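Structure, rendered in structure tokens:
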């Protein structure tokens, strides 16, 4: 299965946004820090997510991004599709030219599997993921690490 880094990072960033939605707009720098995704890469992803109206931006002090609609109405497939990714397991990327310009013997099997994966991802919303205890556990650990990092930066700056 080819789910690229772009698709995985987009879902991760959107889930982070959903987890922190109650705190107001979320800065991409905060997502970058918590998730270990470069800020410039997040900026590229969020431009696409904004064009697909999955997120909206808030300018100014305290600004950042927020979900454009309720997390229960945004499914994982929409996020992956928004960043121009497809979950496709065929060798030919669905083009049907997998064997010397023609369909290979198992082309339709892999197309069916791709459709099943897409359907599965359509059935999972960001709200579903936010409710999972394993997701909440990881988010709590990341929050502790983020707070420790911030405390270290404050202590270092007070020494200067």
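In the numbering used here, the protein residues as written are -3 to 156. Yeah, the Cβ is synthetic: ideal placement off N, Cα and C, and Gly gets one too. Here the structure is a predicted model, which is why all the values come from computation and not from measurement.
Asked                                                                                                     : Found
From 115, 82, 38, 17, residue whose alpha carbon lies closest to that of residue 62                       : 17
Residue from 72, 134, 132, 0 whose Cα sits closest to the Cα of residue 118                               : 72
Residue range of the unbroken alpha helix (DSSP H) whose run includes residue 85                          : Counting along the chain, residue 85 falls outside any alpha helix (DSSP H), and DSSP gives it neither H nor E.
Counted within 10 angstroms of its Cβ, other Cβ atoms place residue 104 as buried (16 or more) or exposed : exposed
Closer than 7 Å: residue 28 CB and nearest the ligand ATP heavy atom                                      : This structure lacks the ligand ATP; in fact it carries no ligand of any kind.
contact_flag[the region 5 to 20, the region 34 to 48] where n(CB pairs < 8 Å) is 3 or more                : yes
Spatial distance of residue 52 from residue 46 (CA atoms)                                                 : 6 Å
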